[in-house]
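**Q** Chains as they are written, first to last, in my numbering: chain A, 1 to 487; chain B, 1001 to 1487. Positions of the beta carbon are idealized from the N, C-alpha and C atoms, including for glycine.
Protein chains: 2
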Amino acid sequence: MDTDVYPRPVSQIASWDLEADVVIAGYGIAGVAAAVEAASAGADVLVLERTGGWGGAAAMAGGFIYLGGGTPLQKACGFDDSVDNMAAFLNVAMGPGADADRVGDYCAGSVEHFDWLVRCGVPFKPEFWGEPGWEPPGDQGLMFTGGENAYPFNTIAEPAPRGHIPQMANKKAGEASAGYMLMKPLVETAAAAGVRAVYDVHASALAVESDGRVAGLVARQYGKPIAIRARRGVVLAAGSFAYNDAMMAQFAPRLLGRPGASIEQHDGQAIRMAQALGADLAHMDATEVAFLVDPQQTVRGILVNGRGQRYVPEDMYSGRIGQLTLYHQDDTAYLIIDGDAQEEAMAATSPTPFLKRPATWVCESVAELESEIGLPAGVLQDTVRVYNDNAARGEDPLLHKKPEWLKPIGTPVGAIDLRASCAGFTLGGLQTTLDSEVLHVSGAPIPGLYAAGRCTAGVAAWGYASGISLGDGSFYGRRAGRAAAKN
Amino acid sequence: MDTDVYPRPVSQIASWDLEADVVIAGYGIAGVAAAVEAASAGADVLVLERTGGWGGAAAMAGGFIYLGGGTPLQKACGFDDSVDNMAAFLNVAMGPGADADRVGDYCAGSVEHFDWLVRCGVPFKPEFWGEPGWEPPGDQGLMFTGGENAYPFNTIAEPAPRGHIPQMANKKAGEASAGYMLMKPLVETAAAAGVRAVYDVHASALAVESDGRVAGLVARQYGKPIAIRARRGVVLAAGSFAYNDAMMAQFAPRLLGRPGASIEQHDGQAIRMAQALGADLAHMDATEVAFLVDPQQTVRGILVNGRGQRYVPEDMYSGRIGQLTLYHQDDTAYLIIDGDAQEEAMAATSPTPFLKRPATWVCESVAELESEIGLPAGVLQDTVRVYNDNAARGEDPLLHKKPEWLKPIGTPVGAIDLRASCAGFTLGGLQTTLDSEVLHVSGAPIPGLYAAGRCTAGVAAWGYASGISLGDGSFYGRRAGRAAAKN
Chain A
1 MDTDVYPRPV SQIASWDLEA DVVIAGYGIA GVAAAVEAAS AGADVLVLER TGGWGGAAAM
61 AGGFIYLGGG TPLQKACGFD DSVDNMAAFL NVAMGPGADA DRVGDYCAGS VEHFDWLVRC
121 GVPFKPEFWG EPGWEPPGDQ GLMFTGGENA YPFNTIAEPA PRGHIPQMAN KKAGEASAGY
181 MLMKPLVETA AAAGVRAVYD VHASALAVES DGRVAGLVAR QYGKPIAIRA RRGVVLAAGS
241 FAYNDAMMAQ FAPRLLGRPG ASIEQHDGQA IRMAQALGAD LAHMDATEVA FLVDPQQTVR
301 GILVNGRGQR YVPEDMYSGR IGQLTLYHQD DTAYLIIDGD AQEEAMAATS PTPFLKRPAT
361 WVCESVAELE SEIGLPAGVL QDTVRVYNDN AARGEDPLLH KKPEWLKPIG TPVGAIDLRA
421 SCAGFTLGGL QTTLDSEVLH VSGAPIPGLY AAGRCTAGVA AWGYASGISL GDGSFYGRRA
481 GRAAAKN
Chain B
1001 MDTDVYPRPV SQIASWDLEA DVVIAGYGIA GVAAAVEAAS AGADVLVLER TGGWGGAAAM
1061 AGGFIYLGGG TPLQKACGFD DSVDNMAAFL NVAMGPGADA DRVGDYCAGS VEHFDWLVRC
1121 GVPFKPEFWG EPGWEPPGDQ GLMFTGGENA YPFNTIAEPA PRGHIPQMAN KKAGEASAGY
1181 MLMKPLVETA AAAGVRAVYD VHASALAVES DGRVAGLVAR QYGKPIAIRA RRGVVLAAGS
1241 FAYNDAMMAQ FAPRLLGRPG ASIEQHDGQA IRMAQALGAD LAHMDATEVA FLVDPQQTVR
1301 GILVNGRGQR YVPEDMYSGR IGQLTLYHQD DTAYLIIDGD AQEEAMAATS PTPFLKRPAT
1361 WVCESVAELE SEIGLPAGVL QDTVRVYNDN AARGEDPLLH KKPEWLKPIG TPVGAIDLRA
1421 SCAGFTLGGL QTTLDSEVLH VSGAPIPGLY AAGRCTAGVA AWGYASGISL GDGSFYGRRA
1481 GRAAAKN
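1. Got a sec? Which residues, its chain only, sit under 7 Å from D1004 (chain B) by beta carbon, not counting five neighbours each side?
2. Short check: CB of V1438 (chain B) to CB of Y1450 (chain B), under 8 Å?
3. Using a Cβ cut-off of 8 Å, pull out every chain A residue sitting near V1208 (chain B), in sequence order please.
4. Per the contact definition of three or more C-beta pairs closer than 8 Å, is the segment 459 to 468 of chain A in contact with the segment 433 to 447 of chain A?
5. Would you say T1071 (chain B) and F1114 (chain B) are within 8 Å of each other, going by their C-beta atoms?
6. Would you check if there are 3 or more beta carbon pairs closer than 8 Å linking the segment 118 to 127 of chain A to the segment 184 to 193 of chain A?
7. Have a look at L1375 (chain B) and Q1309 (chain B) and give me their C-alpha separation to the nearest angstrom.
8. From the DSSP secondary-structure annotation, give me the bridge partner or partners of A1020 (chain B).
9. In chain A, which residues lie with their C-beta within 8 Å of the C-beta of T1360 (chain B)?
10. Report the rounded CA-to-CA distance for G1141 (chain B) versus I1029 (chain B), giving the unit in angstroms.
11. What residues in its chain sit with their C-beta under 8 Å from that of I416 (chain A), if we drop five residues either side in the sequence?
12. Under 8 Å between the Cβ atoms of E314 (chain A) and K401 (chain A)?
13. At what residue ranges does the segment 232 to 318 of chain A contain a whole run of the beta strand (DSSP E), taking only runs of 3 or more?
14. With DSSP as the reference, label C405 (chain A) as helix, strand or coil.
15. Taking any Cβ of chain D, which residues in the segment 1371 to 1390 of chain B have a Cβ under 7 Å from it, in chain order?
16. By Cβ distance below 6 Å, which residues in the same chain neighbour A1348 (chain B) in space, the five residues on each side in sequence not counted?
17. Between M1094 (chain B) and the rest of its own chain, which residues show a CB-CB distance below 8 Å, the 5 nearest in sequence each way excluded?
18. Let me know the alpha helix (DSSP H) ranges lying completely inside the segment 1080 to 1121 of chain B, each 4 residues or longer, listed in chain order.
19. Could you tell me the distance, in whole angstroms, from the CA atom of A1169 (chain B) to the CA atom of A1178 (chain B)?
20. Report the partner residues of A437 (chain A) according to the DSSP bridge assignment.
21. Anything in chain B within Cβ reach of S442 (chain A), meaning under 9 Å, just list it in chain order.
22. With a threshold of 8 Å between beta-carbons, can Q250 (chain A) be considered close to chain B, or not?
23. Considering only residues of the segment 1 to 63 of chain A, which uninterrupted beta strand (DSSP E) runs meet the minimum length of 3 residues and lie entirely inside it, listed in chain order?
24. Comparing alpha-carbon positions, which option in B:A1058, B:D1021, B:W1054 lies nearest S1040 (chain B)?
25. Locate the alpha helix (DSSP H) running through Y500 (chain A), then write down its first and last residues.
26. May I ask you to list, following chain order, the residues of the segment 1223 to 1242 of chain B that have a beta carbon less than 8 Å from some beta carbon of chain A?
27. Could you please give the first and the last residue of the uninterrupted alpha helix (DSSP H) stretch that includes D340 (chain A)?
28. What is the residue span of the alpha helix (DSSP H) that L369 (chain A) lies within?
29. Taking a contact to mean a Cβ-Cβ separation below 8 Å, would you say S442 (chain A) touches M1001 (chain B) in this structure?
30. In whole angstroms, what is the alpha-carbon distance linking V1032 (chain B) and T433 (chain A)?
31. Counting C-beta neighbours from all protein chains within 10 Å, is the total for P1009 (chain B) 16 or more, i.e. buried, or is it exposed?
32. Classify D211 (chain A) as helix, strand or coil using the three-state DSSP reduction.
33. Tell whether a beta-carbon distance below 8 Å holds between L1355 (chain B) and F1064 (chain B).
34. Go through its chain and collect everything with a Cβ distance to G1109 (chain B)'s Cβ below 6 Å, but skip five positions before and after it.
35. DSSP beta-bridge partners for R1196 (chain B)?
36. Which of helix, strand or coil does DSSP assign to R220 (chain A)?
This is how it looks when you write it as structure tokens:
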């Protein structure tokens, strides 16, 4: 029971402990973007952060920002892209349920958003990394991060890499923290613009005028209740509900107990305090899904489900493989890979060597392997035979893995058990306008309330691409800051 | 924009047009069950119905009520069942996300609920129908309706049929209206107990005391605004959101524009007026899915996806085949069926002859058929060969279709195009206690507010069985009526 979440009438607040024009809950990517823009628009800005410092999940993330439409970085790396091309991809890849208006808006503003990040001091090295992987191994600035160059997406739009990665000097393998190089310059920009931040403040409810207008927040700081007045607007930017087990059971039960790329503060409180005011929600079942195996392995084998059938081209974006495996294949997958391919994969460059897995079973024949795994007799043998026959000709008519990765599977043949190898975070949340106003179930904005980042339903609906969260969090965080400042 | 949905302070209501102890919005199955029980508990009860008469979707439905645990009807038909056995099935079949507490509660009360329906005058004929089909062809009273006797469910619990069907005299093929014989005696019971009903009343918002207690509703009757006071409680029983396109886009986009077994009044208004008070939601992506082909055909062929692979035992409950096809197979399925089997299916008894489909393609060989359909070469041929080899031995190691339906596929061989053959209604909605109190996002009940039926998240989470909606609607409708009456 969380009775702290009930909206607090301003008439019941005896005095305000803190005050600003724009008050932002959460100092991750959406919060800092809102802060910079609200301050630039002349507002006095205060950020309330629940932990002891800025950063949120963003500062610990791989740092991808999904941008395109012809950014200077794309051009410097030799890639053509356009707003329409980017939108054509996202409308399919972010669905079912992708909002074409939001996708179009995001794509149209993408180049300007990149320029803004650069102006704020975020560094990008104009170097493309083309190998399979969750991240680049070094400080390369551009990567494919959504399966743009895999089937069927490569037939829907011209493949262009859109994962923009801040340059991290002295990055070490296994230390996925380019997100820090996104957050640090933005926080410095905010500080230079006069943004104030207070830490260890846990917002619990919204303060509301008698006419329904949001006038601030109530919170706890070191356990003590405090009230914070927002003269112009409140921006909610406090992350997902991946760590709220009750909400996960209600909305995304398959990921219950398996949060990934999240921080414990992602408890859904921002969503709930707005719901308590009648805020609307969207896409609550949608999640990002990390598939915990190195893509250098996946691409060199074939993935089969619990019936021994292939279901996804193995050169697809790993996050999509994760979604398809968790939701469509009952969280059951086996990677069939021969000895040579496994050896090659183990030797291949990867920033995530800890995700490289030994074979669970190794056999002299597919028939034996099928039996060892416990698959029904015959199907895996057929699957491998059909794959091999076609691969020998450089073709994959079933799933269209690209010819460069097609190689008949020989012996000894192994299988990596990839059951229960998924984790992730939620993509659903508050329903907002393109100006980041939080919508009431009536369809009208709730006056004085704005939101961005993973407490909102953003560009992704059911699909995902790495960089969408830092992308729409920063993009619509800026919108929230601007809208609140001029409110 | 629906600004009518904002909660209305009682202080703003000049006078009440109607008044009762318990006011119920919706005169379908949940509403009538609530009415009967509230009246039995001594309350003065008023039902507000939006259309010109009682019935809702229930009166037009096949009339299945999902009950078990050893009902007199199950016993009369020679079937053993127990509360634990029923719960073991439902906990798996209604998931992921099934609520074990609610499932246990529903199963424990199931026999008593059947007896109550009989006491209210609902007739059941003690005759079992064992053929594949969406419904029985005549007035038989009991059927399998959730795949209890199909793999894997037949390995999880002892199969028992639980679809209880009110007896409909003079039922004609194609007129699926046993639901009328459920509603009629219940409405008569309610009327005899003094329940009043007013029609053409469209509830739009809840009326609320300054302390947050729900005190009634505001509505429109023939376009004129009216206010209805509820001295003890309001029960929301107004159905799903299958006909609200905005909500469908937000929560269940794959069924957008394809409502099934729904009525146009299922616009989600009850959900939204409670959300406007901070009510919590659950399972918003979950839906029932009708697969629009006659089960007498499905069971006699093999179903393959867009890759030519089998994915479900064809003797599974058709609603589950629909869910797996729509959500896991990208709404793409083909039924491969030979000439003899098709002829047998067309001649088989079915109450839904309009769902029997001619073959879309007919060929002399599977290789030709594969090419005609446009499937990648080889996979369908392998699928049929493996199926046939095993079927000849009476086995289906891949999916465990029951031996009685296993027969090698011969020639001529046809395929029925079952792409885009799904329709359905939503299963998500308001989060309630087992006493049907509507929960606020705080986790506390909203005083004076109750709900049941398809505007709530009930026994089904992601899964479904026919009869669950009339089952949990009537079961938790009764709870709502009792709880409101004693409030």
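**A** In terms of the structure at hand:
1. S1204, A1205
2. yes
3. The contacting residues do not exist; V1208 (chain B) stays about 12 Å from chain A at best.
4. no
5. yes
6. yes
7. 10 Å
8. B:A1230
9. By Cβ distance, chain A contributes nothing, its closest Cβ being about 22 Å from T1360 (chain B), past 8 Å.
10. 19 Å
11. V293, Q297, G301, Y334, L335, I337, R357, P358, A359, T360
12. yes
13. 302 to 304
14. According to the sequence provided, residue 405 (chain A) is Trp. The question's Cys does not apply to it. Correct three-state label for W405 (chain A): helix.
15. Of the protein chains in this structure, namely A and B, none is chain D.
16. Q1296
17. V1103, V1459, A1460, A1461, W1462, G1463, Y1464, A1465, I1468
18. 1083 to 1093, 1100 to 1108, 1110 to 1119
19. 9 Å
20. According to the sequence shown, residue 437 (chain A) is Glu rather than Ala. According to DSSP, which records beta bridges pairwise, E437 (chain A) is partnered with A:Y450.
21. M1001, D1002, T1003, D1004, V1005, Y1006, R1272, A1276
22. yes
23. 18 to 25, 45 to 48
24. B:D1021
25. Not covered by the structure: residue 500 (chain A). The range shown for chain A is 1 to 487.
26. none
27. 339 to 347
28. 366 to 373
29. yes
30. 40 Å
31. exposed
32. coil
33. no
34. none
35. B:L1046
36. strand
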